[in-house]
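See structure below.
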Amino acid sequence: MIITETIEQTREIVAQARREGKKIGCVPTMGALHEGHVALIRRCCGECDFSVVTIFVNPTQFGPAEDLECYPRTFESDCEACRKEGVDLIFAPSVTQMYPQQNLTWVNVDKLGEHLCGASRPMFFRGVCTVVAKLFNIVGPEVAYFGQKDAQQLAIIKRMVADLNIPVEIRPCPTVREADGLAMSSRNRYLNPEQRRQALCLFEALNRGVQLVISGQRDSAAIIAAMQEVIKRWPLARIDYISIVDSELLQPVAHLDRPCLIALAVHIGSARLIDNILVDPPGGKK
Numbered sequence: 009m010i011i012t013e014t015i016e017q018t019r020e021i022v023a024q025a026r027r028e029g030k031k032i033g034c035v036p037t038m039g040a041l042h043e044g045h046v047a048l049i050r051r052c053c054g055e056c057d058f059s060v061v062t063i064f065v066n067p068t069q070f071g072p073a074e075d076l077e078c079y080p081r082t083f084e085s086d087c088e089a090c091r092k093e094g095v096d097l098i099f100a101p102s103v104t105q106m107y108p109q110q111n112l113t114w115v116n117v118d119k120l121g122e123h124l125c126g127a128s129r130p131m132f133f134r135g136v137c138t139v140v141a142k143l144f145n146i147v148g149p150e151v152a153y154f155g156q157k158d159a160q161q162l163a164i165i166k167r168m169v170a171d172l173n174i175p176v177e178i179r180p181c182p183t184v185r186e187a188d189g190l191a192m193s194s195r196n197r198y199l200n201p202e203q204r205r206q207a208l209c210l211f212e213a214l215n216r217g218v219q220l221v222i223s224g225q226r227d228s229a230a231i232i233a234a235m236q237e238v239i240k241r242w243p244l245a246r247i248d249y250i251s252i253v254d255s256e257l258l259q260p261v262a263h264l265d266r267p268c269l270i271a272l273a274v275h276i277g278s279a280r281l282i283d284n285i286l287v288d289p290p291g292g293k294k
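Heads up: the sequence shown is residues 9 to 294, going by this note's numbering.
Printed below as a string of structure tokens:
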């Protein structure tokens, strides 16, 4: 496994692999790898001839009061996890390598970032899209892998790639959960044992929403209210949002008559946790 820190060396190594006819796959990450990341990496290594994992804590997607400085950085164990899965190259640039001067060029995807996480983190997706576009330009993968847990990010990246004609296929991968249902996240490391127990409210609330849809409830406000009641029973939980949006443009829907995303963000202690589930109401529009 090769570890690079510069754009030039990364491009040279990937270009050689491409000349050899190898299919290039990429898993962009911010490090602090967990089993959710490992699932993406494993799929990339299984489907591509040359696998690249990027590890970069991107400062432009953090707001002024967010957790950039304390975001977990576990580079040595991340490298070991990649080595075990057979990764060919880790690209781990510095901030100055990725942003050598004041950035004046940004990638924005309109509309899809207006709601959900975009409402409370208004600059987040601009930073995500810009850094992912830069990584795609550096690595030039044919396939890139993203998790469904970050459903809004996934939808926005897919739209960015389509709108800008970036020649990469985005492959979604299912959310990986702990045995008790908690979605894997690097920010789970922030939780103490009691906070970890109460973090199960996200999965419990999502399950409540799904049960209501299965039972025939189609009114979004009623489903959201029931989910809010679930979370309010957990004293350490503070709701950022609970929302039901269409699965394509991520716009709020009042009535579930098509495939929809039920999504939520909840603060538990210092951790802001997100989760979601896709639902397709029987008899709805396709």
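A virtual CB, placed ideally from N, CA and C, is assigned to each residue, including glycine.
CA-to-CA distance, E177 to L210, given in whole angstroms: Locating residue 210 in the sequence shown gives position 202, counting from the first residue. Locating residue 177 in the sequence shown gives position 169, counting from the first residue. Between L210 and E177, the C-alpha separation is close to 30 Å.
Whether I32 touches V22 by CB criterion (8 Å): Counting from 1 along the sequence shown, the entry for residue 32 is found at position 24. Counting from 1 along the sequence shown, the entry for residue 22 is found at position 14. In this structure, I32 places its C-beta atom within 8 Å of the C-beta atom of V22.
Coarse secondary structure for Y198, derived from DSSP in three states: Position 190 of the sequence shown holds residue 198. The three-state secondary structure of Y198, taken from DSSP, is helix.
Beta-carbon proximity of R195 to A279, cut-off 8 Å: Taking the sequence shown and counting its residues from 1, one reaches residue 195 at position 187. Taking the sequence shown and counting its residues from 1, one reaches residue 279 at position 271. Contact flag set, yes.
Other residues of its chain near R226: CB distance less than 8 Å, five sequence neighbours each side excluded: As a position in the sequence shown, residue 226 is number 218, starting the count at 1. Same-chain partners within the cutoff: H263, L264, D265, P289.
Classification of E77 by the beta-carbon crowding that lies within 10 angstroms, buried from 16 upward: In the sequence shown, counting from the first residue as 1, residue 77 sits at position 69. E77 is exposed by the Cβ-count criterion.
Segment limits, alpha helix (DSSP H) that includes S128: Taking the first residue of the sequence shown as position 1, residue 128 is located at position 120. Note, S128: alpha helix (DSSP H), 125-128.
Cβ-based burial, H275 [other Cβ within 10 Å; buried from 16]: Taking the first residue of the sequence shown as position 1, residue 275 is located at position 267. Around the beta carbon of H275, fewer than 16 other beta carbons sit within 10 angstroms, so the residue counts as exposed.
L258 versus D57, R134, E122, residue with shortest Cα-Cα distance: Your numbering for residue 258 matches position 250 in the sequence shown. Checked all of D57, R134, E122; the closest Cα to L258 is E122.
Local Cβ density within 10 Å of S142, reported as buried at 16 or more and exposed below that: On the sequence shown, residue 142 is found 134 positions in, with the first residue counted as 1. Inspection of the sequence shows that residue 142 is occupied by Lys rather than by Ser. Buried is the call here.
Where S193 sits in the DSSP three-state scheme: Taking the sequence shown and counting its residues from 1, one reaches residue 193 at position 185. If DSSP states are grouped into helix, strand and coil, S193 belongs with coil.
Environment of T113 [buried if 16+ CB atoms lie within 10 Å]: Translated into positions along the sequence shown, residue 113 becomes position 105. Exposed is the call here.
F154 - containing beta strand (DSSP E), residue span: The residue labelled residue 154 in the question sits at position 146 within the sequence shown. Per DSSP, F154 belongs to the beta strand (DSSP E) from 151-155.
Option nearest A256 by Cα separation, candidates V35, T104, Y153, Q160: Within the sequence shown, the letter at position 248 stands for residue 256. Inspection of the sequence shows that residue 256 is occupied by Glu rather than by Ala. Minimum Cα distance to E256 is reached at Q160.
C87 to R197 span [Cα, whole Å]: As a first step, residue 87 is located in the sequence shown; it is residue number 79 there, counting from the start. As a first step, residue 197 is located in the sequence shown; it is residue number 189 there, counting from the start. Taking the straight line from one Cα to the other gives about 18 Å.
Per DSSP, cross-strand counterpart(s) of E177: The residue labelled residue 177 in the question sits at position 169 within the sequence shown. As DSSP reads the structure, E177 sits in a beta bridge with V151.
Nearest-angstrom Cβ-Cβ length linking T68 and V140, presumed shorter than 8 Å: Taking the first residue of the sequence shown as position 1, residue 68 is located at position 60. Taking the first residue of the sequence shown as position 1, residue 140 is located at position 132. Between the beta-carbon of T68 and that of V140 there is about 11 Å, and that puts the pair past the 8 Å contact cut.
Rounded distance between the beta-carbons of P180 and Q156, thought under 8 Å: Here the question's residue 156 lines up with position 148 in the sequence shown. Here the question's residue 180 lines up with position 172 in the sequence shown. The C-beta separation of Q156 from P180 comes to about 5 Å, placing the pair in contact by the 8 Å criterion.
Alpha-carbon spacing of I239 relative to A245, whole angstroms: Looking up residue 239 in the sequence shown gives position 231. Looking up residue 245 in the sequence shown gives position 237. Those two C-alpha atoms are separated by around 7 Å.
Three-state secondary structure (DSSP) of T37: For this step, residue 37 is matched to residue 29 along the sequence shown. The answer is strand: DSSP assigns T37 an E or B state.
Member of D283, P243, V115 whose CA lies at the smallest distance from the CA of I252: Here residue 252 refers to the residue found at position 244 when the sequence shown is read from its first residue. For I252, the closest C-alpha among the options D283, P243, V115 is that of D283.
Proximity to P175 [Cα-Cα], best of Q17, E150, M192: For this step, residue 175 is matched to residue 167 along the sequence shown. Of all alpha-carbon atoms in Q17, E150, M192, the one lying nearest the alpha-carbon of P175 is that of E150.
Q24, buried or exposed, once every other Cβ within 10 Å from all chains shown has been counted against 16: The count along the sequence shown starts at 1 and reaches residue 24 at position 16. When all chains shown are included, Q24 counts as exposed.
C56 (DSSP reduced to helix, strand or coil): For the purposes of this step, residue 56 is identified with residue 48 of the sequence shown, where counting begins at 1. In the three-state reduction of the DSSP assignment, C56 falls in the coil class, being assigned neither a helical nor a strand state.
Where the alpha helix (DSSP H) containing V169 begins and where it ends: One-based indexing of the sequence shown puts residue 169 at position 161. V169: member of the alpha helix (DSSP H) spanning 159-171, first to last residue.
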